[in-house]
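*Asks:* Chains A and B, in that order, are what the protein sequence lines are. For the first sequence, counting from 1, position 301 maps to 301 in the numbering used here; every step adds exactly one. To convert, count from 1 in the second sequence and add 1000; that's the numbering used here. Backbone N, C-alpha and C fix where the C-beta goes; we use that ideal spot for every residue, glycine too. None of the values given here were measured: they were computed from a predicted structure.
Protein chains: 2
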Amino acid sequence: MPNPILVEITRGDLVESVHRGAIAIADAGGKLVFALGDVERPIYPRSSLKPVQALPLVESGAADAFGLGDEELALACASHSGEPMHTTRVAAWLERIGCTQHDLACGAHPVRYEPVWEEMIRAGRAPTPIHNNCSGKHTGFLSVARHWDIATKGYEHHDHPVQQAVAKALRELSGESELPWGVDGCTAPNFALPLAAFARALAKLADPRSLPAPRASAARRLVRAMIAHPELVSGTGRACAILMRACGGRAALKTGAEGYFACIVPEAGLGIALKIDDGAARGAETAIAAILDKLGLLGRDKAAREILCAPVLNTRGRVVGERRAAPALTDAGIETLRAQ
Amino acid sequence: MPNPILVEITRGDLVESVHRGAIAIADAGGKLVFALGDVERPIYPRSSLKPVQALPLVESGAADAFGLGDEELALACASHSGEPMHTTRVAAWLERIGCTQHDLACGAHPVRYEPVWEEMIRAGRAPTPIHNNCSGKHTGFLSVARHWDIATKGYEHHDHPVQQAVAKALRELSGESELPWGVDGCTAPNFALPLAAFARALAKLADPRSLPAPRASAARRLVRAMIAHPELVSGTGRACAILMRACGGRAALKTGAEGYFACIVPEAGLGIALKIDDGAARGAETAIAAILDKLGLLGRDKAAREILCAPVLNTRGRVVGERRAAPALTDAGIETLRAQ
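(1) At a CB-CB cut-off below 8 Å, which residues of chain A make contact with residue 1135/B?
(2) Taking the beta carbon of residue 1102/B as the centre, do at least 16 other beta carbons fall within 10 Å, making it buried, or is it exposed?
(3) Are at least three pairs of beta-carbons, each pair with one atom in the stretch 54-73 of chain A and one in the stretch 289-300 of chain A, less than 8 Å apart?
(4) Can you confirm whether residue 1289/B, when its beta carbon is compared against all beta carbons of chain A, has any partner nearer than 8 Å?
(5) Kindly give me the distance between the Cβ atoms of residue 307/A and residue 242/A, rounded to whole angstroms, as I take these residues to be in contact under 8 Å.
(6) Return helix, strand or coil for residue 1112/B, following the three-state DSSP convention.
(7) By how many angstroms is the C-alpha of residue 1150/B removed from the C-alpha of residue 16/A?
(8) I believe residue 43/A touches residue 270/A by the beta-carbon criterion, under 8 Å. Please report the beta-carbon distance rounded to the nearest angstrom.
(9) Residue 335/A to residue 258/A, Cα distance in whole Å?
(10) Quick one: using the 10 Å Cβ neighbour count with 16 as the cut-off for buried, is residue 174/A buried or exposed?
(11) With a threshold of 6 Å on Cβ separation, who are the neighbours of residue 35/A within its own chain once the five nearest residues in sequence on each side are excluded?
(12) Closer than 8 Å is the cut-off here; do at least three beta carbon pairs connect the stretch 1175-1194 of chain B with the stretch 1127-1146 of chain B?
(13) Helix, strand or coil, according to DSSP, for residue 1010/B in the structure here?
(14) If you measure from the beta carbon of residue 1047/B to each beta carbon in chain A, is any gap under 8 Å?
(15) Is DSSP giving residue 172/A helix, strand or coil here?
(16) Roughly how many angstroms separate the alpha carbons of residue 52/A and residue 1320/B, rounded to a whole number?
(17) From which residue to which residue does the alpha helix (DSSP H) around residue 322/A run?
(18) Is there a Cβ from chain A that is less than 8 Å from the Cβ of residue 1118/B?
(19) What did DSSP end up calling residue 181/A once you bin it into helix, strand or coil?
(20) Closer than 8 Å is the cut-off here; do at least three beta carbon pairs connect the stretch 1164-1172 of chain B with the stretch 1112-1126 of chain B?
(21) Over what stretch of residues does the beta strand (DSSP E) that includes residue 275/A continue unbroken?
(22) For residue 1186/B, return the contacting residues in chain A, with the cut-off set at a CB-CB distance below 9 Å.
(23) By Cβ distance, which residues of its chain are closer than 6 Å to residue 284/A, with the 5 residues on each side in sequence left out?
(24) If we cut at 8 Å on Cβ distances, does residue 1019/B have a partner in chain A?
(25) With a threshold of 16 other CB atoms inside 10 Å of the CB of residue 1204/B, please say whether the residue is buried or exposed.
(26) Is the beta carbon of residue 1341/B sitting closer than 8 Å to the one on residue 1009/B?
(27) Hey, does residue 343/A have any beta-carbon neighbour from chain B nearer than 8 Å?
(28) I'd like to check one pair, residue 77/A with residue 233/A: are the Cβ atoms closer than 8 Å?
(29) By the DSSP assignment, the beta strand (DSSP E) with residue 66/A in it spans what residues?
(30) Which complete alpha helix (DSSP H) runs does the stretch 1272-1316 of chain B hold, if anything under 4 residues is left out?
(31) Below 9 Å on C-beta distance, what does residue 321/A contact in chain B?
(32) Name, going along the chain, the residues of the stretch 80-110 of chain A whose beta-carbon falls closer than 8 Å to a beta-carbon of chain B.
(33) Which residues in chain A have a C-beta closer than 7 Å to the C-beta of residue 1192/B? List them in chain order.
(34) Leaving out the 5 sequence neighbours to the left and right, which residues in its chain are closer than 6 Å to residue 86/A when beta-carbon positions are compared?
(35) Keeping to the same chain, check which residues put their C-beta closer than 7 Å to that of residue 46/A; ignore five residues upstream and five downstream.
(36) Could you check whether residue 1196/B and residue 1032/B sit closer than 8 Å to each other, using their CB atoms as the reference points?
As structure tokens, this is what we get:
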């Protein structure tokens, strides 16, 4: 059965486009407390996996050994916009572990934040792997390899101990013994698992009391770092940052390519995973905003409310339609999950 | 019932994202010869409507009065990339009708062709309404108003005679008496109709023998102009241009925002309309390429074959998945419609 329509885009009096998808919400006890659509088919969380991919960085002791703080940990979990606040910190971190941009396996791509990208064009500067939105994650991988004193070359391969440590952490948190994998945009492996299973893993990060002490401590530090630095996790004006700020420290959010979104709610011990079938970021952003609103977390921030219900503008700035949560999502009863 | 999956995107061994949609193919006699999904729900063709929006320009005699050739007619049907080949021709055309960019109701937006956009950034030049991808269509509207010697101001409003002429032509070609409308990105009205009805209208442009002589002549000129100038209808490296060139003059193609594609096949007297439910251009491009291939029109051009089956690359340029037509589309029996 096809997944339900979660988000719709109108123009005039008609619905012009729709985004279908699935949502899983779990608690830290491993219970699936909400499901909409197919939450059992394995799917890649893409960059929404980053908080888990960063666990070995902290658990291994590498973060402490290199004196990393919340800013670096936020960057390890980031899909950043390549702004100076990101690139200068990643460059300094690379230097601290005795590496350079040439050790990064991720390729270069245009910087996402327009003013910075335009400035680079004017200056004739090409992007480097440090500008790659995943450069913090990769620097985290390199840090673990350095700390373990093993080869950094090949750290992005599936069979490298760093990636195997990521897979082990994900298996243990999610309860999934089988993790099909593919190569992510940044060259690192990405592991597929059902939305329900990833929601369970995220819930354990939200409330890590049942985890072994080193992992619980790592989870707490990473979630705290994400919540403390929304713009380092994403960038200026990005949905992740706007929504995290609107939640006032009550939730950590992480977008993933192809319409994924992950959310960690410490106060309620909830993990949320959603995927838009067609891969549209606009659909995932409005869907997660609707869930946050239903959970009483979103607040009144104007920019966040405009992700929840976004005006569709023409090139003269006139409103000609809107993007909004569809009935299958708004009427799904998510309100009942609010923390008591 | 939801529309079928037309296109799928893989990563590793898994299907990561899918695009659902509907397809209608009609012949010039008004017969729906192929339908997949819901082809009866009214939907905006967006820029795929442009060949119809350009009919009054020719039928009214305005094109002849202003000495417009195939290049201007191709631009009237275009969603262009704002390259110099487009903007210099639109600017000269505006001058020929005694108008300037200030008469254009469409707003400015960044130029789509990266090398030109980067050059504009380096030179500190802002885009004007002439760079708007719809500036040819708008200059066509202005030309009709000039030719009729009526007010050009407000030409983009639904009740202006130019827009009413567009609506009349669309009603007559499609057989739809009711045309709900919304405001397009460029500020002009866009008229919604079922895919089946728009396919019928396109088929009449493909084989206009049953139309009144002035409209038949206008249809032939516009289709010929589009086929003669694929890059003026779109831009360097754009799917419309690549696919039209690959068809070797046997089909006219026009993309529309939110996942629409229109195709006119004169040799077979066919009109094709498709819409991807979620609005993704990548889905519409692969779906129309698959249809063209099934109809024996696509040929062996490498760039066109890579729209039909597109590699998904990571930031190091390695193939990590593919975008391809899904079984509901490849097994639909479109081959049987090939011109005998």
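*Replies:* Let me lay it out:
(1) Under the 8 Å cutoff, chain A gives no residues; its nearest Cβ is about 11 Å from residue 1135/B.
(2) exposed
(3) no
(4) no
(5) 6 Å
(6) coil
(7) 33 Å
(8) The pair is not a contact, with the Cβ atoms about 20 Å apart (cut-off 8 Å).
(9) 27 Å
(10) buried
(11) 24
(12) yes
(13) strand
(14) no
(15) helix
(16) 22 Å
(17) Element bounds for residue 322/A: not the alpha helix (DSSP H) but the beta strand (DSSP E), 319-325.
(18) yes
(19) strand
(20) no
(21) 270-276
(22) 314, 315, 316
(23) 259, 261, 276
(24) yes
(25) buried
(26) Here chain B comprises residues numbered 1001 to 1340, so residue 1341/B is not present and cannot be evaluated.
(27) The shown model of chain A, from 1 to 340, leaves out residue 343/A, and the question about it has no answer.
(28) yes
(29) First-last for residue 66/A: undefined, no H or E at that position.
(30) 1281-1294, 1302-1308
(31) 1182, 1183
(32) 105, 106, 107, 108, 109
(33) 14
(34) 80
(35) 184, 190, 256, 257, 258, 260
(36) yes
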